[in-house]
Structure formats: structure tokens, C-alpha cells
Amino acid sequence: MNDVSAALPPVPVQSEPPTDRARLWAAVAALLFVPAAVVAGILTLASEQASRCVTYGEQCAPGLPGWLFEWSAGLGAVALLVALAAPAVRVRQAALAAQILAEATALVVILSHA
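30 is the number of the first residue of the sequence shown in this note's numbering; add one for each residue after it.
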């Protein structure tokens, strides 16, 4: 008996590519940025130096420049859009990393005024 199917190598089963969750994490990071900014603002105002500055106008520390917050928040928004809309997985992952870095920079700017 000459069985042709026995001579052929088995066909590998194609598994699904690993799921890319960059879009999900970009949306989660964007949603968590607003409460994190509010908490950072409250922590800043809770410091003695910042509350004295707000109340009496004394001991006001300059902190990091405001344009750094604006640019980092803007970059975070653009990176969010790229992470949501980009067709390539590597581009989405790079945009997610840029978004998280930009949001962290914006939070550091807020905390620098404490």
C-alpha cells in the first residue's frame, strides 16, 4: 500500500496573531490622565508653600514653565489620535509610549508648583 498522505509533512496550524492592546491602553491612559491631573493639582495646593502662595501671595515658586505643560498635553493628545488611528502595530505602540511619556511630563509640571 502506497499512501501518499503518509509521505506528506503535516500542515502547520496557523494561529491567530497576538492581539495588540495599544489602542485599549491609549484610551485608558487618556481617561486616567484627567483624574490624575486633578489629584496632582490637589496635592500641589495641599502643600504649605502653594497654599501660602494662593492665600497670601507669598513664597510663590516659579515651578516649570507653563508652556511645557501645554506642549506635553498637546503631544499626548496627538499621540492618542495616532495610537487609535494608525494601522501598523509598531506605530501604535510607539504612539502609546509617547503618550504616556507626555502625560507623565504634564503631571510633573503640575507637581513642580508645590
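We put the CB at the ideal spot given by N, CA and C, even for glycine.
Between the segment 108–125 and the segment 84–93 there are fewer than three inter-stretch CB-CB distances shorter than 8 angstroms, so the stretches are not counted as touching.
Your pair Asp49 and Val120 does not check out as a contact, with CB atoms roughly 11 angstroms apart and the cut at 8 angstroms. For Gln78, the enclosing alpha helix (DSSP H) has its first and last residue at 77–85. Taking C-alpha positions only, Leu130 is separated from Ala51 by approximately 14 angstroms. DSSP places Ser101 inside the alpha helix (DSSP H), whose first and last residues are 95–114.
Residue environment: Ala135 is assigned as buried (16 or more neighbouring CB atoms within 10 Å of its CB, all protein chains considered). Assignment of Ala90 by DSSP, reduced to helix, strand and coil, places it in the coil class. With respect to the C-alpha of Ala143, the residue from Gly70, Glu99, Trp54 having the closest C-alpha is Gly70.
Contact between Phe62 and Gly103 is absent: CB atoms are separated by about 13 angstroms, not below the 8 angstroms threshold.
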